[in-house]
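>
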Amino acid sequence: MPPQWDAEALFRFVDVMGVVANGLLGGAVARSKRFDIVGFATLAIISGLGGGMIRDVLLGAGYPVALVDPAYLSGALIAAFVAYLINLEGTWPRRALALADVLALGCWSATGTIKAASLGLQPVSSIMLGVITAVGGGMLRDVLVGRTPAVFGGNTLYASLAVVGSIEALALFHLGMADDGMGVSIVTCAVLGLLARRLGWMLPEPIDFNLRSALKPLDPRANVLRLKERNDRRANRNREASAADADGDQSGS
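Quick note: the sequence shown, position 14, residue 27 per our numbering, numbers continuous.
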């Protein structure tokens with residue numbers, strides 16, 4: 014008899030791995046700021062667990078998972094200790110962290126969305142909580158160190174991928190395939206996330222069109238000048254037409 018895959022155990026492994034990866038990313042930020050071990054631990058916990066804790070507090074469905082399952086908090090603290098001891102600036106450590114990060118992005122997007130939908134929330138609210146689960150920790154980390162959150166723009170696709178993963182998970186959840194939705198979300202976010210980093214995919218920048226200025230009425234002085242210019246152009250056209258008529262009369266005579 015072929016072995017059976019334990020989907021729940023696999024997804025939990027990816028979930029905890031994402032906590033560790035984001036904890037290491039938080040530790041890397043702490044190293045760049047020359048924080049002490051308390052700063053490393055704080056940023057690792059916020060990065061790895063912040064989004065899920067925000068989700069669980071908003072849902073109000075019991076204690077946050079990070080406070081109940083010791084694997085999550087332990088993973089974040091271990092990541093903080095590793096980042097405190099080892100400089101993770103090499104090419105291969107960065108690639109490994111990037112892979113773990115995008116895998117966790119899909120896992121967390123699906124987890125937040127499915128948990129919200131299973132409690133009866135509407136689709137838009139469920140997707141929103143999925144995205145918060147995926148990006149909330151990184152946003153809190155950036156705010157704590159005085160940086161503009163990376164998901165606000167100027168970087169490769171990240172929050173957009175969380176939206177895609179959340180939509181996929183929600184659609185398959187309503188079809189009775191929650192585990193499949195989790196798997197599809199993980200694969201989609203991982204593939205698109207790595208491609209976005211490789212190819213530099215970004216959302217468009219703001220359009221330089223000032224609607225307020227375009228619709229702003231002219232002041233009275235500007236209106237007078239505009240009317241004078243229009244009258245001057247009309248008078249010039251009339252003089253040119255009169256001169257042309259006079260030339261025609263002379264040539265005819």
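In this text, a Cβ means the ideal position worked out from N, Cα and C, and glycines have one as well. A quick note: this is a predicted structure, and the numbers were derived from the prediction, not measured.
Work out the CA separation of G73 and G39 for me, nearest whole Å.
The residue you call residue 39 lines up with position 26 of the sequence shown. The residue you call residue 73 lines up with position 60 of the sequence shown. Rounded to whole angstroms, G39 to G73 spans 27 Å at the Cα level.
> Please work out which residues of its chain come closer than 6 Å, Cβ to Cβ, to G52, disregarding the five sequence neighbours upstream and downstream, and give them in chain order.
If you number the sequence shown from 1, residue 52 lands on position 39. Result list for G52: A43, in chain order.
> Taking C-alpha atoms, which residue in L188, G31, R154 lies nearest to I127?
For the purposes of this step, residue 127 is taken as residue 114 along the sequence shown, with counting starting at 1. Among L188, G31, R154, the Cα nearest to that of I127 is on L188.
> For V29, which residues from the same chain have a beta carbon less than 7 Å from its beta carbon, with the 5 sequence-adjacent residues on both sides left out?
Within the sequence shown, numbered from 1, the residue matching residue 29 stands at position 16. Here the set comprises A84, Y85, G88.
> Please classify W121: does DSSP put it in a helix, a strand, or coil?
Sequence index remark: in the sequence shown, residue 121 carries index 108 (1-based). Correct three-state label for W121: helix.
> Please determine, among P217, A203, G63, the residue with the shortest C-alpha to C-alpha distance to R211.
Residue 211 sits at position 198 when you count from the first residue of the sequence shown. Here the closest residue by C-alpha is A203.
> Confirm, please, whether the CB-CB distance from L110 to L62 is below 7 Å.
Within the sequence shown, residue 62 is the residue found at index 49, counting from 1. Within the sequence shown, residue 110 is the residue found at index 97, counting from 1. Not in contact: L62 and L110 (Cβ atoms no closer than 7 Å).
> How far does the alpha helix (DSSP H) with G213 in it extend, from its first residue to its last?
Within the sequence shown, residue 213 is the residue found at index 200, counting from 1. No alpha helix (DSSP H) holds G213; DSSP gives it neither H nor E.
> Roughly how many angstroms separate the alpha carbons of V137 and L90, rounded to a whole number?
In the sequence shown, residue 137 corresponds to position 124, counting from 1. In the sequence shown, residue 90 corresponds to position 77, counting from 1. Going by the C-alpha atoms only, they are around 34 Å apart.
> Can you tell which of N35, E21, L23 has the C-alpha that lies nearest to the C-alpha of G149?
The sequence position of residue 149 within the sequence shown is 136, counting from 1. When only C-alpha atoms are compared, the closest one is N35.
> Would you say R68 and I140 are within 7 Å of each other, going by their C-beta atoms?
Your numbering for residue 68 matches position 55 in the sequence shown. Your numbering for residue 140 matches position 127 in the sequence shown. If you check the CB distance, R68 and I140 do not come in under 7 Å.
> Please state the DSSP three-state secondary structure of D114.
Stepping through the sequence shown from its first residue, residue 114 is reached at position 101. Helix, per DSSP.
> Just the Cα atoms here: how many angstroms apart are F26 and S122?
By one-based count along the sequence shown, residue 26 stands at place 13. By one-based count along the sequence shown, residue 122 stands at place 109. Answer to the nearest angstrom: the Cα atoms are 15 Å apart.
> What do you reckon, are the CB atoms on L183 and A130 nearer than 7 Å?
In the sequence shown, the residue the question calls residue 183 occupies position 170. In the sequence shown, the residue the question calls residue 130 occupies position 117. Yes, Cβ-Cβ distance for L183 and A130 is below 7 Å.
> In chain order, what residues of the same chain have a beta carbon less than 6 Å from the beta carbon of A191, not counting five sequence neighbours either side?
Indexing the sequence shown from 1 puts residue 191 at position 178. I127.
> So which of S173, G64, D245, V200 has the shortest CA-CA distance to L142?
Looking up residue 142 in the sequence shown gives position 129. Of the candidates S173, G64, D245, V200, the one whose C-alpha sits nearest the C-alpha of L142 is G64.
> Taking F94 as part of the alpha helix (DSSP H), name the residues at either end of that continuous run.
For the purposes of this step, residue 94 is taken as the residue at position 81 of the sequence shown. Start and end: 83 to 98.
> Considering M152, what are the terminal residues of the alpha helix (DSSP H) in which it resides?
Taking the sequence shown and counting its residues from 1, the one referred to as residue 152 is at position 139. Taken as a continuous stretch (DSSP letters only), the alpha helix (DSSP H) holding M152 covers 136 to 157.
> Pick out whichever of A93, L80, A79, K46 has its Cα sitting closest to the Cα of A54.
Indexing the sequence shown from 1 puts residue 54 at position 41. Selected option, being the one with the closest Cα: A93.
> So, with DSSP's three-state summary, where would you put L38?
Against the sequence shown, residue 38 aligns to sequence position 25. If DSSP states are grouped into helix, strand and coil, L38 belongs with the helices.
> Using C-beta distances below 6 Å, list every residue in its chain close to A57, excluding the 5 sequence neighbours before and after it, in chain order.
In the sequence shown, residue 57 corresponds to position 44, counting from 1. So the list reads G36, G39, G40, A89, A92, A93, once near-sequence residues are dropped.
> How big is the Cα-Cα spacing for L185 and A96?
Along the sequence shown, one-based indexing puts residue 185 at 172. Along the sequence shown, one-based indexing puts residue 96 at 83. Straight-line spacing of the CA atoms in L185 and A96 works out to 37 Å.
> For T169, which three-state DSSP category applies?
In the sequence shown, counting from the first residue as 1, residue 169 sits at position 156. In this structure, T169 counts as coil in the three-state DSSP scheme.
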